[in-house]
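Protein chains: 2
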Amino acid sequence: MNQAVATDPISTCTIPTQQAEQLQGQLLDIQKAQRMAEFFSSLGDANRLRILSLLAEEELCVGDLAAIVEMSESAVSHQLRTLKSMRLVSYRKQGRHVFYRLQDHHVLHLYQAVAEHLDEV
Amino acid sequence: MNQAVATDPISTCTIPTQQAEQLQGQLLDIQKAQRMAEFFSSLGDANRLRILSLLAEEELCVGDLAAIVEMSESAVSHQLRTLKSMRLVSYRKQGRHVFYRLQDHHVLHLYQAVAEHLDEV
DNA sequence: ATAATATCTGAACAGTTATTCATGTGTCAA
DNA sequence: TTGACACATGAATAACTGTTCAGATATTAT
């Protein structure tokens, strides 16, 4: 149905229009770009990274996390919420405690890769 | 000199204080956490990712980038500025054009890793 | 029940960020 | 020189984000 939509010609300055159109095909589509951006953003906060650095060692409850990173329990809870929504952490409830842990080690590898990358420079 | 600073005892709820102190040693220090957060944040914007996805293919000037991603040249220039400050892209000037390219392929690998990670779920 | 503990939640506020707009700089062509 | 083009920059505005605060929920102990 909506194939061959006549879009405006791309007004380029150095490359031919045809090449520009081809590159537009390579272009990361907006929705995926948005999802990736949200993922990276979820790692784009120092306190969330600090929390993750602890959870990389062992599972911890909110109160202990808060005590160790020296943040309010509320602030930690809010941050865990966003980490949870990005599936970076999961949790189990035990009595009145909630223990959080890394959801998988993909994240840890990413974290380590960037840590090393920044040391290089 | 400033070793053995007597800090307040950590008031934990489930783990012993001693363990909490040990974990505090494992904790990502604030300055490094901040640098890592800035790095991840620089990837935390859909338009910047889209720009990077093009530069992953080939070097491009600002005007062509703007035309392909359909943003104003000013907006693209601002974004390139932050990518440049994070050493994600570099550039060369040629006449009145400025050609940007990925600074290294570390970034590309990171980008690809996350792209795949998000496809998994 | 009541109180204390552990966590979560929503509103509010401050700080940050991305875009637009107007303007400035540098390069090329006529 | 003049004008057009490519890009950069600063200010302003709107949207977003992280924290605090007050209060809600749920669990355990008394």
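Top to bottom, those sequences are chains A and B. Residue numbering for the first sequence is 573 to 693, as defined by my numbering. Residue numbering for the second sequence is 573 to 693, as defined by my numbering. All residues carry an ideal CB built from backbone N, CA and C; glycine is no exception.
In this structure, E642(A) sits away from V634(A), with a CB-CB distance that is not shorter than 7 angstroms. As computed with DSSP, V670(B) is found in a beta bridge with K665(B).
Judged by beta-carbon spacing, L600(B) lies within the 7 angstroms limit of S625(A), meaning their Cβ atoms are closer than that value. For L595(A) and F612(A), the gap between their C-alpha atoms comes out near 24 angstroms.
Distance from Y672(B) to L627(B) at the Cβ level is roughly 6 angstroms; contact confirmed, criterion being Cβ atoms closer than 8 angstroms. Under the three-state reduction of DSSP output, L682(B) falls in the helix class. No residue range can be given for G616(B), since it is assigned to no alpha helix (DSSP H) and is classified by DSSP as neither H nor E.
DSSP, read as helix, strand or coil, puts L632(B) in strand. Within the stretch 595-610 of chain B, the residues whose Cβ lies closer than 7 angstroms to any Cβ of chain A are, in chain order, L595, Q596, Q598, L599, L600, I602, A605, Q606, R607, M608, A609.
In the three-state reduction of the DSSP assignment, R659(A) falls in the coil class. C-alpha of V648(A) to C-alpha of Y683(B): approximately 28 angstroms in a straight line. Among the residues facing chain A, H689(B) is included, as its CB has a counterpart in that chain under 7 angstroms away. At a Cβ-Cβ threshold of 7 angstroms, L660(B) and V686(B) do not count as neighbours.
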